[in-house]
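Right, one structure below, let's go through it.
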Amino acid sequence: MNKVWLIIQREFLIRVRKKSFLIATILVPLLVPGILGGLIYVAVKEAESAKPDTVMILDESGQFNLDSTKNTKRFHFVPMLVALEHAKKAYNETKDFALLYVPKFDINKPEGLVIYTQENPSIEKIGDLETILQDRVRDLKLQEYKIDKEVLKNLKTKINLKQINLSKSGEEKSSNSGILYGMGFILGIMIYIFVLVYGIQIMQGVIDEKTSKVVEVIVSSVKPFQLMLGKIVGIAAVGVLQFLIWIVLITFLSSSVLGYFGLKMPQKQAMEEVTKKIQDEDVKQAMQQQQSNVQVNELLANIGEIPFGKIAFVFVFYFLGGYLLYGALFAAVGSAVESIQESQQFQFPITLPLLIGYFGLFMFVLRDPHGPVSFWLSVIPFTSPVAMVGRIAFDVPAWQLALSMVMLIAGFIFTTWVAGRIYRVGILMTGTKVNWKVMAKWFMISE
Amino acid sequence: MEALIAKDVTKRYAQHTALDKVTITIPEKTIFGLLGPNGAGKTTLIRIINQIINHDEGEIIIFGEKLKPGHVEQIGYLPEERGLYKKMKVGDQLLYLAQLKGLSRKDALAKIKIWLEKFDIKDWWNKKVEDLSKGMAQKVQFISTVLHEPKLIILDEPFSGFDPVNAQLITEKILELKEQGSTIIFSTHRMETVESLCDHIALINKSKKILEGPKKQVKEQYRSNTFIVEHRGNHFNLAAEKYELKGQVVIEDNLFSSTIQAKGSIKGNQLIRDLIDITDVYSFQEKLPTMADIFISLVKGDGDEALKKHLQEV
């Protein structure tokens, strides 16, 4: 065991001391918000500075009255009063966005409207134009039915359902599907990426040892299984360290950035809000009376009620579990091949279940977190790391979580055992053409 | 006591048998040459001793005990395919490998210093292995093999990759280690190394041991009763029923060297006696087979008949 510890130390230290580790660890927390912020900034700027598109309109029905007085931020309208053929010609000589042709139509059945463009327009723009036309038709109908616009406006009522989970013990918890969806989405993808990235690091390490031939020296001191285990655990430690640094850096950075703009971290603010509520019922009531604030406060309170501690624990557990389960398989593949290129034919099949978990996350888990498919995806060890982490925000029953965790532990013990048997033979084999059958044979070789 | 005894060791793979009931006894404090052509099973046997792979049948006794995991700390192994972590510094690497062999960090540090001084390479500590030349890396690897003062040192082709100066240096260190009480197993194709260094040898061919014993005894066993005589004047006739003249060359003016094989039970003394009467004997020596002769003939042919025939042709 002492020797496994030595191997873990080496695997950990050589990676942590690398410049690339330092760069990745520091840059990712800076880059991710930076890139996101940059993209949002650019998108907003573009929307602000975008010039409106000119739409020529030939309105034979005379019902739309779209002229420069109806211009929107996105569209400028230029009415045409010529025949369609001439209008088309005129349009082609300009660089305008589109020519809209409106024939005479029945407002109950508007048909025959055509848009001519020079380039393929985006669905979004067409949609926007359609909305304008539909609104116009609706207004015409209102006139025809003699309904006052104001009356109609008053008929509209907005209702926001407040979501409360009623537990068996009668405890009430408010929740917000949107936030939970977002969390499940991000956490699931993170697990998927981390398991792949660190799994490939294991494989790379095994291949390096094999091709540099140092492995024969090492296994004359320790058992191949100890070497494999030490490597897997050492790299896991690198991953966990990187996480911790990221969490600390991101928390620190975002709170200082938000602080700069005079805001508080949403969680922190929500916590304070919640404690205030408990401390002072009167204040709470007073706050509830402030109608404008209610929704924002509820949102923050919902965030505050998400069990971040539990989610963080589950996340780390499933990261480690999934990593160990797939890491062992990556080690086995690394032992069998002599280069990364050669490993590619094996990589896809072993990561296929992870990919299924990933797609399952979008198709089932996030849409119906408590359905049967979601249940199975989050219990079967090969898909559970992604599926359960995506599901956890939706309050998974304790027995399911326990079952899934036990299955995951059993799963990685199983894959480590299988991988160990392939690994011990593979690392000493050079110059053999390896396929699944050969690996199966290695697995069968007795101790 | 014997450093190592292998009894009927057998290792089978799906398609072939790598070792077939190999029995070898390696006496303590000797240099033991493990010989054999490529693919004979030497590496398999070495890996079994190092517990890298397991044998299917038979028994290995090391320093009087049945081979068990703890024994790896008493063995130093230099594989034929050398390898070190390329990105690791020389010092860190030696420290790591020594600790894996059971040395404490403190002991390892002290011993690394001593060895780096011995090889006069103290300033390599912070060099990465990938920046070393092949010969330099070999030195580091040799140090890593012997650093933990193993009682049994297994060297697979230890001189490949060394220039003559460094090969000499390594030879000296090997002899020193033997002096200090280590047993050394040499696996090699280089017969001149075997000739000059080994005390005992074993020859493995096609998964089977076909020859074993002290080098002297082996050579003795393969004597062919052939003598090389230098003499002045070549006008003599040897009794054809007792001797056969295998060849004669002129060394210088009137000085000849003749290769004479005695037939039956006739000894060297008898030949001298017979020669004195008929020629002027200048020197006389028995022609012993070289290890290369024995190796080639045993591996090429099948046993003693072939060897004798081969020696007659030489």
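These protein sequences, in sequence, are chains A and B.
Following the working numbering, the numbering of the first sequence begins with 1 at its first residue and continues without gaps.
Following the working numbering, the numbering of the second sequence begins with 1001 at its first residue and continues without gaps.
Built from N, CA and C at the ideal position, the CB exists for glycine as well.
Which runs of the beta strand (DSSP E) fall wholly inside the region 204–234 of chain A and span at least 3 residues, in chain order? none
Indicate whether at least one CB of chain B lies closer than 8 angstroms to the CB of A/K3. Under the 8 angstroms criterion on CB atoms, A/K3 is classed as interfacial with respect to chain B.
is_contact[A/L229, chain B] using C-beta, thresh 8 angstroms: no
When burial is assigned at 16 or more other CB atoms within 10 Å of the CB, is A/Q118 buried or exposed? exposed
Alpha carbon to alpha carbon, how far is B/D1277 from B/L1271? 10 angstroms
Mind checking if A/K441 is an interface residue toward chain B, Cβ cutoff 8 angstroms exclusive? yes
Span of the beta strand (DSSP E) around B/Y1085: Note, B/Y1085: premise wrong, no beta strand (DSSP E); not H, not E.
With DSSP run on the structure shown, which of helix, strand or coil describes A/Q289? Annotation note: pLDDT 49 at A/Q289 (below 50); position unreliable, coordinate value reported separately. In this structure, A/Q289 counts as helix in the three-state DSSP scheme.
Please report the straight-line C-alpha distance between A/I7 and B/Y1222, rounded to a whole angstrom. 50 angstroms
Nearest CA to the CA of A/F448: which residue from A/T54, A/W399, A/V337 and A/L403? Residue 448 of chain A lies beyond the stretch modelled for chain A, which goes from 1 to 447, so this question has no answer here.
Taking 7 angstroms as the cut-off, does the CB of B/K1216 come closer than this to any heavy atom belonging to the ligand GTP? Because no ligand of any kind appears in the structure shown, any question about the ligand GTP cannot be addressed here.
Quick check: what's the CA-CA separation for A/P110 versus A/V314? 56 angstroms
Kindly indicate which residue of A/V28, A/F194 and A/W436 has the alpha-carbon position closest to the one of A/E342. A/W436
Kindly indicate which three-state DSSP category B/S1257 falls into: helix, strand or coil? The answer is strand: DSSP assigns B/S1257 an E or B state.
Ordered along the chain, which non-local residues of its own chain (more than five positions away) have a Cβ less than 8 angstroms from that of A/V16? V238 and L241
Going by the CB atoms, is the gap between A/Y192 and A/I235 shorter than 8 angstroms? no
Integer-rounded CB distance, given that A/P385 should sit under 8 angstroms from A/G357: 7 angstroms
Within the region 85–110 of chain A, note down every full beta strand (DSSP E) run reaching 3 residues or more, in order along the chain. 98–102
Leaving aside the five residues before and after B/A1040 along the sequence, list all residues of the same chain whose C-beta is less than 6 angstroms from its C-beta, in chain order. Taken in chain order, the residues that qualify are I1204 and N1205.
Collapsed DSSP secondary structure at B/T1025 in the structure displayed: strand
Helix or strand or just coil, what does DSSP make of A/S378? helix
Pairs of beta-carbons, one from the region 177–186 of chain A and one from the region 396–406 of chain A, closer than 8 angstroms: are there three or more? no
Grab the span of the beta strand (DSSP E) containing B/R1190 for me, first residue to last. Looking at the DSSP string, B/R1190 is not in any beta strand (DSSP E), and its letter there is neither H nor E.
Under 6 angstroms Cβ to Cβ from A/I115, same chain only, skipping five residues before and after it: list those, please. A98 and L100
Rounded to whole angstroms, what is the Cα-Cα separation between B/V1314 and A/F346? The predicted model places B/V1314 with a pLDDT of 47, which falls under 50 and marks its position as unreliable, so this point remains unresolved.
8 angstroms Cβ cutoff met for A/E11 and A/G205: yes
Counting only beta-carbon atoms, is B/L1019 nearer than 8 angstroms to chain A? no
Which of the three DSSP states, helix, strand or coil, is assigned to A/E124? helix
The alpha helix (DSSP H) spanning A/D148 covers which residue range? Where A/D148 is concerned, there is no enclosing alpha helix (DSSP H), given that its DSSP letter is neither H nor E.
Taking 8 angstroms as the threshold (beta carbon to beta carbon), is B/I1052 in contact with chain A? yes
In three-state terms, what does DSSP make of B/N1054? coil
By the 10 Å Cβ neighbour count, where 16 or more other Cβ atoms means buried, how is B/R1082 classified, buried or exposed? buried
Nearest-angstrom Cα separation, counted from A/G112 out to A/L152: 29 angstroms
Bounding residues of the alpha helix (DSSP H) (the contiguous stretch that carries A/M429): Element bounds for A/M429: n/a, residue is neither H nor E.
Go to A/P349, then tell me how far its alpha helix (DSSP H) extends in each direction, as first and last residue. Annotation for A/P349: the continuous alpha helix (DSSP H) segment containing it runs I340 to G360.
Would you say B/M1088 lies against chain A (beta-carbon separation less than 8 angstroms)? B/M1088 counts as touching chain A.
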